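What follows is a short report on a single structure.
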Amino acid sequence: MAGSTKNSVHEIFHSMESGPEGASSTNTAQAWLDHRSRSLGLFIDGKLVVPADRPSRSLTDCEGAQLCSVMVAGDEDVSVCSSSSVIGFKSWSELSCSQRAKVMLRMVGVLGQHAVCVSEVCDVCEAACPPASLIRLLQFYSSWAQLRDALMPSWTPRGVVLVVGSDDCSLQQLMIKVLPALAMGNSVIVVPGLSSAPPALLLAELFSAAGLPAGALNVLTGSDTLFGAKVAANQNISYVTFSGNKQEGVLLCEATAGLGVSVSVSSILGARCPFIVFESADIDSAVDAIVQNVFTKRREVHWVLCVQESVQERLVSRLRLRMSGMKSLSLRSEEERRLVEAAVQEAEQQGATLVQSCSPPSSGAQYPPTVILGSAPSSPCVVAPPPGPLLPLLTFRSNSEAVALANHSPHGLAASIWTEELTLALETAKSVCVGSVCVNSVSLSDPSLPVSPHKESGSCTDGGQEGLYQFLRPSSSSSPPLPRSSPLSMDYSQFGSAAPPTTIIPADSASTPKSLPQFVGGKSCKSVSGCSLKVQAADGAVLAFCPDGGRKDVRNAVEAAVKVQPGWMKKSASARAQSLFSLAKGLEAKRRDLSASINTQTGLSLDKADEEVELSIARLNDWAAYCDKLQGGTPSLPLSGSALSLPEALGVVGVVLPDENPLLSMVTLLGAAISFGNAVILIPSEKNPLPALTFIQVLQASDLPAGLVNIITGYKDQLTVSLANHSVIKAIWYWGSAEGCQFVQHSCSAPLKTLLLSIQQKGGERGRDWTHPSILEEMGRNAVQWKSIWIPTA
Amino acid sequence: MSARNPGMNLDLEWVSKVRVNTQAVLKRAQQIQGQKLPKKQWQAAWLLKAVTCIDLTTLAGDDTPSNVHRLCLKAIQPVRHDLLKEMDMHDKGVTTGAVCVYPSRVADAVKTLKAANSSLPVASVATGFPAGQTPLETRLQEVRLAVADGATEIDIVINRTLAITGQWEAMYDEIRQFREACGDAHMKTILAIGELGTFTNVYKASLVSMMAGSDFIKTSTGKESVNATYPVAIVMVRAIRDYFLCTGHKVGFKPAGGIRTAQESLVWLTLIKEELGNDWLSPLLFRLGASSLLADIERQIYHHVTGRYAAYHELPMA
Chain H
1 MAGSTKNSVH
11 EIFHSMESGP
21 EGASSTNTAQ
31 AWLDHRSRSL
41 GLFIDGKLVV
51 PADRPSRSLT
61 DCEGAQLCSV
71 MVAGDEDVSV
81 CSSSSVIGFK
91 SWSELSCSQR
101 AKVMLRMVGV
111 LGQHAVCVSE
121 VCDVCEAACP
131 PASLIRLLQF
141 YSSWAQLRDA
151 LMPSWTPRGV
161 VLVVGSDDCS
171 LQQLMIKVLP
181 ALAMGNSVIV
191 VPGLSSAPPA
201 LLLAELFSAA
211 GLPAGALNVL
221 TGSDTLFGAK
231 VAANQNISYV
241 TFSGNKQEGV
251 LLCEATAGLG
261 VSVSVSSILG
271 ARCPFIVFES
281 ADIDSAVDAI
291 VQNVFTKRRE
301 VHWVLCVQES
311 VQERLVSRLR
321 LRMSGMKSLS
331 LRSEEERRLV
341 EAAVQEAEQQ
351 GATLVQSCSP
361 PSSGAQYPPT
371 VILGSAPSSP
381 CVVAPPPGPL
391 LPLLTFRSNS
401 EAVALANHSP
411 HGLAASIWTE
421 ELTLALETAK
431 SVCVGSVCVN
441 SVSLSDPSLP
451 VSPHKESGSC
461 TDGGQEGLYQ
471 FLRPSSSSSP
481 PLPRSSPLSM
491 DYSQFGSAAP
501 PTTIIPADSA
511 STPKSLPQFV
521 GGKSCKSVSG
531 CSLKVQAADG
541 AVLAFCPDGG
551 RKDVRNAVEA
561 AVKVQPGWMK
571 KSASARAQSL
581 FSLAKGLEAK
591 RRDLSASINT
601 QTGLSLDKAD
611 EEVELSIARL
621 NDWAAYCDKL
631 QGGTPSLPLS
641 GSALSLPEAL
651 GVVGVVLPDE
661 NPLLSMVTLL
671 GAAISFGNAV
681 ILIPSEKNPL
691 PALTFIQVLQ
701 ASDLPAGLVN
711 IITGYKDQLT
721 VSLANHSVIK
731 AIWYWGSAEG
741 CQFVQHSCSA
751 PLKTLLLSIQ
761 QKGGERGRDW
771 THPSILEEMG
781 RNAVQWKSIW
791 IPTA
Chain U
1 MSARNPGMNL
11 DLEWVSKVRV
21 NTQAVLKRAQ
31 QIQGQKLPKK
41 QWQAAWLLKA
51 VTCIDLTTLA
61 GDDTPSNVHR
71 LCLKAIQPVR
81 HDLLKEMDMH
91 DKGVTTGAVC
101 VYPSRVADAV
111 KTLKAANSSL
121 PVASVATGFP
131 AGQTPLETRL
141 QEVRLAVADG
151 ATEIDIVINR
161 TLAITGQWEA
171 MYDEIRQFRE
181 ACGDAHMKTI
191 LAIGELGTFT
201 NVYKASLVSM
211 MAGSDFIKTS
221 TGKESVNATY
231 PVAIVMVRAI
241 RDYFLCTGHK
251 VGFKPAGGIR
261 TAQESLVWLT
271 LIKEELGNDW
281 LSPLLFRLGA
291 SSLLADIERQ
301 IYHHVTGRYA
311 AYHELPMA
């Protein structure tokens, strides 16, 4: 400010500057923090507690000033908290649905009274969460709390749910998980990251004032995400869900492997999202959306601008005009500016040119909005985008190239598509592999739409009715939850490698049992290694030989599967149903062979074996009938326009089958996978592979596309490793040892796979009841992911 | 002063490629209205800028030399002298952008301004304002007569019949002829957006008007049911930006009708600043067609200077 003439009316009259941005008031937030003496404690059992002598972390505001300190809870705090949550779960889940709904509605009222405080606390902590969206979440989930028993009668809450956020996770992302968990009757322990800790504590206080029973919502703060894993190790936790950046999500998955608790991840922060502009777009509006959504103060995702070559110039010239005069945006630290600078320099060295609103400052934690022209998918600023307001621009030639460009990314969170052509918009929206697509708009969200981020961006569905099931379990005892355990000390790199010596088939003897082929890519074949294993009956007699499949066999199967899966998914549901009906018919034709195989393999009486075959036929018919029953819809929205909610196949699913009911369990899982459009690679039980091998004849006679269903036999652990190490496989359904479960949990965190784990019961204990019909709904839900497509209209 | 827009040959391919997403434009309009407006001296300066961009207008059947006389003198001294002096703006030539009257009153306005030694432009509406439903020959003659009487700016209305039915060539030819009839007088083309149906049509009509050589495009006559709205303005200024990027000529923009409060005038300036940039924040390229707006702005300036809210009678009437 050079003297008073600079800001005289006359000066401004000529410069037409907008003046300083009136800093929004933070008085209420500061008063709340002062009231807490600027050192926050933990929220346990309905009150804020400040145990003495705990270390703390300090939280600073955007200008680097000390805001408050956040406590690092100790082991005793964790155990106090978890027992409180157990009691909280009891009192909360004992309430009737309508009582719970009433409490949640009261939360809306309390939140309304303290909206200013909540939004200011979120603002100063940079854990953005507009109170309006919190209220929308509360209202939406209170209605589900009210109707849980009416609409989902055969499901009960899981128990104590742990919600973990990374340090940069916003309050809203936490609440997207906390509120549905509460609505379903669970008690929740929140472990927020550093920035969302103060608002999370504030909300816990407010919710408690609204009548949430003590212990139903506890907040623990700790040193980092691994603190979350420490809390997860507590035996009372029944489900862990994470929201935040990818690195910490991976850490949490690895640290919780083997705990016997299922963990789901939403790696929303830092995902790379395509912003696709077709030549048929309203370019001006697209430019405006870029300026408003990409170059914002808080950037949760990295956008990549994909523009059709024919309109690149038009778009860039408008961007240039529109960006001129934009001010530099703040970064988190000076260190970040250096990272951004280095990335920009590197891009320039590779021949990229910049569109920059002003020249970058040489110091301070700031950087101007920058578009990097001439980027390519291989550019470092695209592959590993630095933090900061950078927008790489890629060009594409055709509509299909746009989709290819968009999908060529390890992330699958969201996309924005700009075109005035409805057909093109819908075609593109359906082909991009992301959870949420906004047509002619950006980053819309609403709790009524279920969204499953694809690929590395997440492994769970949030929102809508579908998003509630992660916080529920079937009330029938047909599917026991994972037994809690402590992680085994194991060498992950050695798992599955110490295969016992392979049996070579004796060449000539006439009395040798026959050797059966496996089924890869629609052909029955030997294993690539050429080796075989003995198939032994319960009494140890050698019944046959089966291929000793390995890494290469899995690779071949995946290659075949990935070729046919998209076509299979695109087929109409009724066409898939027809194929499944005929598969059931094929099984019926071979019923004798199958029941004989069950009989010889397991020693089950022929009558019982017949029964299992009958059930299996019925199961396939059930799946055939299910094909067109899982439908998306067009939920009503709080804005004008429409949105589509679509179930989509996961892709290629790897299934390691259980020993029990070898035929029934196989057709159940096979049917679940393929009836909703997935391809599947089945690893039959090492102990009882004969029925699966016999079933190959049924598959051969069926009209399923070659490669859709693959059966590979061999050592379970070895094949599990092969499945886990193949990135194309999107999900693994595993039945096996505790060690195997731990291995799968540990190694399927990066790249992320969706997991369904069961520990095989040893001895006579009953595991899952495969004959129970509830298994259909449960498995069906695991076989799809949900996409939402927003089409706002005037 | 920048060169006038000479116009260009009608490019129907360009016109046909126009795409406007209504929903996105509405959202943008909402976003602009939700933005924080300048405060303190920034607000005062912006309000004075708005004053200099006003086309102070009277378009009524009962206009007579006496009220036109009052209007012109208010236009020369739009804000009380002592208030301007407080802000050190009294000697910076703060007047409205122009006065705007019916063709028959042009002579009265010119006479008053000449007597007051002012070079303030006199704008006249013409071409069968507001409906434009008179024969082309009389519409052209109206333009010529207004210019002859001393109007230096002519606000013409387009032939909506042609625009709605997509007869762009015919519309282009008509506007071309108006431009010729205007001679050196600047031509503002009124699109009467309330009667054009869709945003796409507004964009197309804007483009054709600019191709035909308009110096300004103007939203509406103030006599239709829908007047200057922010979404429509966004569409029009984007067409202006489009035309500028393709030809290098800057065409002005004039929203008119229904703009009454100081607050609204600030939103309008924000919209222009963001969509077109600071170059357009000048009476050469931006005008606000209004009659009662000035009184509200003057009151706000009074408040800025004195910290008190003025009664209307404390400020001179127009």
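If you read the sequences in order, they're chains H and U.
Residues 1 to 794 in UniProt numbering are what the first sequence lists, from first letter to last.
Residues 1 to 318 in UniProt numbering are what the second sequence lists, from first letter to last.
Even for Gly, the Cβ is constructed at its ideal location relative to N, Cα and C.
Source: prediction; values computed, not measured.
- In this structure, residue 788 of chain H lies near residue 436 of chain H, with their beta-carbon atoms less than 8 Å apart.
- Residue 174 of chain U carries a helical assignment under DSSP once its states are collapsed to helix, strand and coil.
- Residues are counted here when their Cβ sits less than 7 Å from a Cβ of chain H; for the region 218-247 of chain U these are 238, 241, 245, given in chain order.
- Proximity of residue 38 of chain H to chain U, defined by a Cβ-Cβ separation below 8 Å, is not satisfied.
- For the region 63-113 of chain H, the continuous beta strand (DSSP E) assignments of 3+ residues that do not extend past its boundaries occur at 66-71, in sequence order.
- For residue 55 of chain U, the enclosing beta strand (DSSP E) starts and ends at 54-57.
- Under the 8 Å criterion on CB atoms, residue 210 of chain U is classed as non-interfacial with respect to chain H.
- Out of H:662, H:589, H:683, the CA that lies nearest to the CA of residue 603 of chain H is found in H:662.
- If only uninterrupted alpha helix (DSSP H) runs of at least 4 residues are considered, those enclosed by the region 616-675 of chain H are 662-675.
- By the CB criterion at 8 Å, residue 59 of chain H and residue 122 of chain H fall outside the cutoff.
- For the region 39-54 of chain U, the residues whose beta carbon sits under 9 Å from a beta carbon of chain H are, in order, 39, 40, 41, 42, 43, 44, 45, 46, 48, 49, 52.
- Identification of chain U residues near residue 425 of chain H by a Cβ-Cβ cut-off of 9 Å yields none; the smallest Cβ-Cβ distance measures about 11 Å.
- Annotated as distal: residue 565 of chain H and residue 725 of chain H, with beta-carbon spacing of 8 Å or more.
- Burial state of residue 112 of chain U is buried, judged by a 10 Å Cβ sphere holding 16 or more other Cβ atoms.
- Rounded to whole angstroms, the separation of the alpha carbons of residue 741 of chain H and residue 559 of chain H is 25 Å.
- Chain U places a beta carbon closer than 8 Å to that of residue 318 of chain H, counting this residue as a contact.
- Judged by beta-carbon spacing, residue 18 of chain H lies within the 8 Å limit of residue 42 of chain U, meaning their Cβ atoms are closer than that value.
- Neighbours of residue 474 of chain H in chain U, taken as residues at a C-beta separation under 9 Å, are lacking, since the least C-beta distance is about 42 Å.
- Put simply, of H:733, H:707, H:723 the residue whose alpha carbon is nearest the alpha carbon of residue 666 of chain H is H:733.
- Taking the C-beta atoms as reference points, residue 177 of chain H is found no nearer than 8 Å to residue 221 of chain H.
- Every unbroken stretch of the beta strand (DSSP E) spanning 3 or more residues and falling wholly within the region 215-258 of chain H is given here in chain order: 217-219, 237-245.
- Taking every protein chain shown into account, the CB of residue 317 of chain U has fewer than 16 other CB atoms within 10 angstroms, so this residue is exposed.
- Contact holds between the region 320-334 of chain H and the region 264-284 of chain U, because three or more Cβ pairs, one in each stretch, are under 8 Å apart.
- Less than 8 Å divides the Cβ of residue 474 of chain H from the Cβ of residue 155 of chain H.
- With a 10 Å radius around the Cβ and a threshold of 16 neighbouring Cβ atoms, residue 27 of chain U comes out buried.
- The beta-carbon distance between residue 201 of chain H and residue 43 of chain H, rounded to whole angstroms, is 5 Å. This is short enough to meet the 8 Å contact definition.
- With a cut-off of 8 Å on Cβ pairs, the region 168-175 of chain H is in contact with the region 129-146 of chain H, counting three or more such pairs.
- Residues of the region 15-32 of chain U that bring their beta carbon within less than 8 Å of a beta carbon in chain H comprise 19, 20, 21, 22, 23, 24, 25, 26, 27, 28, 31, in sequence order.
- Less than 8 Å divides the Cβ of residue 47 of chain U from the Cβ of residue 262 of chain U.
- Listed in chain order, the positions of the region 270-286 of chain U with a beta carbon within less than 7 Å of a beta carbon of chain H are 273, 277, 278, 281.
- Below the 8 Å Cβ cutoff, chain U contributes 41, 44, 45, 48, 87, 88, 89 as neighbours of residue 9 of chain H, in chain order.
- Residue 484 of chain H sits in coil when the DSSP states are folded into three classes, being neither helix nor strand.
- Residue 213 of chain H and residue 403 of chain H have their C-alpha atoms some 49 Å from each other.
- Between residue 35 of chain U and residue 265 of chain U, the alpha-carbon positions lie close to 13 Å from each other.
- Exposed is the label assigned to residue 91 of chain U, since fewer than 16 other Cβ atoms lie within 10 Å of its Cβ.
- For residue 92 of chain U, at least one C-beta of chain H is nearer than 8 Å to its own C-beta.
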